[in-house]
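Sequence order for the protein chains is A and B. With the working numbering applied, the first sequence has no gaps in its numbers, which climb one by one up to 1225 at the end. With the working numbering applied, the second sequence has no gaps in its numbers, which climb one by one up to 319 at the end. Don't be surprised by glycine CBs; every beta carbon is placed ideally from N, CA and C. Here the structure is laid out as structure tokens; the discussion comes afterwards.
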Amino acid sequence: MLEKVSFGVVAFALLWPGFKVVTARNLVHTVFWLGLTLASTAVLFIMLQAPFLAAIQLILYTGGLLTLMLFGVMLTARDQGLLTVPNASHRRAFGGLLAVAAFAMLAMAITQTTTLPASPTAPITTQQLGALVFTEQALAFEVLAVLLLAVTLGAIVFARRGDAGSATENTANSIPARKPLPAPNAAVSQAKGA
Amino acid sequence: MADLLANPWLRGLLQGALLITVMMTAVAWISWFERKFAGRVQSRLGPTMVGPSGLLQPLADALKMFQKQELIPSAADSLLFRLAPPLALFLALGGAAVLPITQGMLASDLDVGVLYVLAFSGLLAFPIWMAGWSSSNKYALLGGMRMVAQGISYEIPMVLAALVPVVVTGSLSLSDIVTYQATHHWLVLWPPGLGLIAFIIFFTMALAEGNRIPFDIPEAESELVAGPATEYTAIRFGLIASAEYVHSLITCAFASTLFLGGWDGPFLPPLCWILIKTVGLFVLITWLRWSLLRVRSDQLMALCWKYLVPLSLGILLLTGAFIQWVG
Chain A
1032 MLEKVSFGVV AFALLWPGFK VVTARNLVHT VFWLGLTLAS TAVLFIMLQA
1082 PFLAAIQLIL YTGGLLTLML FGVMLTARDQ GLLTVPNASH RRAFGGLLAV
1132 AAFAMLAMAI TQTTTLPASP TAPITTQQLG ALVFTEQALA FEVLAVLLLA
1182 VTLGAIVFAR RGDAGSATEN TANSIPARKP LPAPNAAVSQ AKGA
Chain B
-7 MADLLANPWL RGLLQGALLI TVMMTAVAWI SWFERKFAGR VQSRLGPTMV
43 GPSGLLQPLA DALKMFQKQE LIPSAADSLL FRLAPPLALF LALGGAAVLP
93 ITQGMLASDL DVGVLYVLAF SGLLAFPIWM AGWSSSNKYA LLGGMRMVAQ
143 GISYEIPMVL AALVPVVVTG SLSLSDIVTY QATHHWLVLW PPGLGLIAFI
193 IFFTMALAEG NRIPFDIPEA ESELVAGPAT EYTAIRFGLI ASAEYVHSLI
243 TCAFASTLFL GGWDGPFLPP LCWILIKTVG LFVLITWLRW SLLRVRSDQL
293 MALCWKYLVP LSLGILLLTG AFIQWVG
């Protein structure tokens, strides 16, 4: 009974912020709601006796959320203290259709799966997970590593390109020579001297 | 009574209440200690008036904080502004749950204790940024942005350094790590040299994470008033300030658990040893705070990305090799 109640609470804490992520118009609020959703997911992992996944969920998404926030502030227009997300309503019908289709597919997959155990028989330990990653799933692990490396390299290339551009703009020649500071007021310096 | 304690919900509640009480009491007198220490460093006396040697000053401060008028700037984002201080304190206190105080005495012996503490202390940047942004104050926002930049950078070497004890002991559970150190070597000494470097990296990054000088760039009071806490008054300011003290304290306890043997030590009972080590590290932090200058933001970034990330990666690799072929 208690388990069902607590699951209900966590599920609500996961779904309601998820809804708010889509409907909130303030970008920073959106990131905040997203943070709540991700934290609730971590709680769900804990309820499924997977504390490792829960901790990883929190650690990984922290960095991601903080970066999102930075983008939220830097890349959107700041209008009267509110960061608003453009409301692209002309795609709403199409988006809704996609969402319904995705939901139907997921619901079908879940209802038609019968082979899953009703509850986790024995919690999987971190050691087992680690061994799995480096043996059975080694190929997927390496592919992911290569993918991340490619992304990192790409980011550096883009950043460097921007850098080179601004560097040529900011050469010493293009900066207007700074005016010499006005000579200190003779009267003031005299007054101070006296 | 035993029946009551058998109920896991009730037991958790009691343990939590006890832990919070202990932590907040410790924070009160740690702040007294820091003010005394700062006074002595600057040839002053620090608090002297309330109680003997000013010992009751924290109580007076708390009372004052509760009584003061709370101001919320009219341009502030009211919800996030109100939410940030309690969230900060919650995340700061959360890490305490898995710290082994003595053998078998800890609120929760999680399988992944190390990651748990790291997750909570890493998340702390989130409410601080929230406080900075929601204040609608340019100094607060600047402080918040610096916090995020710092947060993304220091996290990586810190986690990598904390992984060295994990690789040596082969466990993510803090009580296992301490038990290993009680039966083998303290991890600051083992693997020889590597452990010490890992400890120094971890401790340096912990300073950056706790916003302590020389890395208190987000709240640099000579440039940004009080950083993200600029617009906060009364008990909300008190919550943010105590969140930072709680966090410093927990980081000290975490560092002594990971590297300095936790409750392990000769002659004295275990509880004394963990207290001595934690308070010792806190004295070190305070000492650094009142002797060093603040580094610039770009200097911290360079330190993190150019030196500490490669260094900590190398240490982790060498530790792996050491465990494989020597230990």
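| Check | Outcome |
| --- | --- |
| Can you tell me whether DSSP reads Thr17 of chain B as helix, strand or coil? | helix |
| Identify each residue in the stretch 101 to 118 of chain B for which the Cβ-Cβ distance to at least one residue of chain A is less than 8 Å, and report them in chain order. | Leu102, Asp103, Val104, Leu107, Tyr108, Leu110, Ala111, Phe112, Gly114, Leu115, Ala117 and Phe118 |
| For my contact list, Val160 of chain B and Leu179 of chain B are in at a C-beta cut-off of 8 Å; report their separation, rounded to the angstrom. | 6 Å |
| List the residues of chain B that Leu1096 of chain A touches, going by C-beta distances under 7 Å, in chain order. | Phe118 |
| Under the assumption that Ile380 of chain B contacts Arg281 of chain B (Cβ atoms under 8 Å), give the Cβ distance between them as a whole number of angstroms. | Look at the range of chain B in this structure, -7 to 319, and you will see that residue 380 of chain B is not part of it. |
| Could you tell me the distance, in whole angstroms, from the CA atom of Ile169 of chain B to the CA atom of Glu201 of chain B? | 23 Å |
| How should Thr175 of chain B be labelled, buried or exposed, when 16 other C-beta atoms within 10 angstroms of its C-beta is the threshold for buried? | exposed |
| Within a Cβ cutoff of 6 Å, which residues of the same chain sit near Thr1098 of chain A, ignoring the five residues on either side of it in sequence? | none |
| Can you list, in chain order, the residues of the stretch 1062 to 1079 of chain A whose Cβ is nearer than 9 Å to any Cβ on chain B? | Phe1063, Gly1066, Ala1070 and Ala1073 |
| Give a yes or no on whether 9 Å exceeds the smallest Cβ distance from Ala1203 of chain A to chain B. | Interpretation of Ala1203 of chain A is limited by its pLDDT of 45, a score under 50 that renders its predicted location unreliable; the figure taken from the coordinates is listed afterwards. By this cut-off, Ala1203 of chain A is not an interface position. |
| Does Val1059 of chain A get closer than 9 Å to chain B when you measure Cβ to Cβ? | yes |
| How big is the Cα-Cα spacing for Gln316 of chain B and Ile1155 of chain A? | 25 Å |
| Skipping 5 residues on each side, what residues in its chain have a beta carbon closer than 6 Å to that of Asp69 of chain B? | Ser126 |
| Starting from the beta carbon of Ile1155 of chain A, find every residue of chain B whose beta carbon is closer than 8 Å, and list them in chain order. | What Ile1155 of chain A touches in chain B: nothing, since even the nearest Cβ is about 11 Å away. |
| Which residue from B:Leu166, B:Leu5 and B:Met197 puts its Cα closest to that of Ile144 of chain B? | B:Met197 |
| Buried or exposed: where does Tyr299 of chain B fall if 16 or more other Cβ atoms within 10 Å of its Cβ makes it buried? | exposed |
| Whole angstroms are fine: how far does the CA of Ala1176 of chain A sit from the CA of Pro39 of chain B? | 55 Å |
| Does chain A have any CB closer than 9 Å to the CB of Thr69 of chain B? | The question names Thr, but residue 69 of chain B in the sequence shown is Asp. Yes, contact with chain A. |
| Just to confirm my understanding: we take Thr225 of chain B, look at its own chain, exclude 5 residues before and 5 after, and list those with CB closer than 8 Å. What are they? | Lys60, Gln61, Glu62 and Leu63 |
| Expressed to the nearest angstrom, what Euclidean distance is found between the alpha-carbon atoms of Trp255 of chain B and Leu273 of chain B? | 14 Å |
| Counting only the same chain and skipping the five closest in sequence on each side, list residues whose C-beta sits under 6 Å from that of Ala1135 of chain A. | none |
| Scan the stretch 1181 to 1192 of chain A for residues whose Cβ lies nearer than 7 Å to a Cβ of chain B and list them as they occur along the chain. | none |
| Measure the alpha-carbon distance for Leu149 of chain B versus Cys296 of chain B and round it to whole angstroms. | For the sequence presented, residue 149 of chain B should be read as Pro rather than Leu. Taking the straight line from one Cα to the other gives about 7 Å. |
| Using 8 Å for Cβ pairs, my map puts Leu250 of chain B next to Ala154 of chain B. What's the rounded Cβ distance? | 6 Å |
| Please classify Gln49 of chain B: is it buried, with 16 or more other beta-carbons within 10 angstroms of its beta-carbon, or exposed? | buried |
| Given that a residue counts as buried once 16 or more other Cβ atoms are within 10 Å of its Cβ, and exposed if not, what is Gly306 of chain B? | exposed |
| Count Cβ pairs between the stretch 263 to 271 of chain B and the stretch 107 to 123 of chain B that sit closer than 8 Å; are there 3 or more? | no |
| Within 10 Å of its beta-carbon, does Glu211 of chain B have 16 or more other beta-carbons around it, so buried, or fewer, so exposed? | buried |
| Between Phe29 of chain B and Val271 of chain B, is the Cβ-Cβ spacing less than 9 Å? | no |
| Which residues in chain E sit within 7 Å of Met1100 of chain A, going by Cβ to Cβ distance? | You won't find chain E in this structure, because its protein chains are A and B. |
| Could you give the first and the last residue of the continuous alpha helix (DSSP H) run that contains Leu285 of chain B? | Where Leu285 of chain B is concerned, there is no enclosing alpha helix (DSSP H), given that its DSSP letter is neither H nor E. |
| Would you report the Cα separation of Leu231 of chain B and Ala80 of chain B, rounded to the nearest angstrom? | 8 Å |
| Using the rule of at least 16 other Cβ atoms within 10 Å of the residue's Cβ for burial, across every protein chain shown, is Ile1206 of chain A buried or exposed? | Confidence at Ile1206 of chain A is low in this model, with a pLDDT of 46, below 50, so the placement of that residue is unreliable and no value is reported for it. |
| Could you have a look at Thr1145 of chain A and say whether DSSP puts it in helix, strand or coil? | coil |
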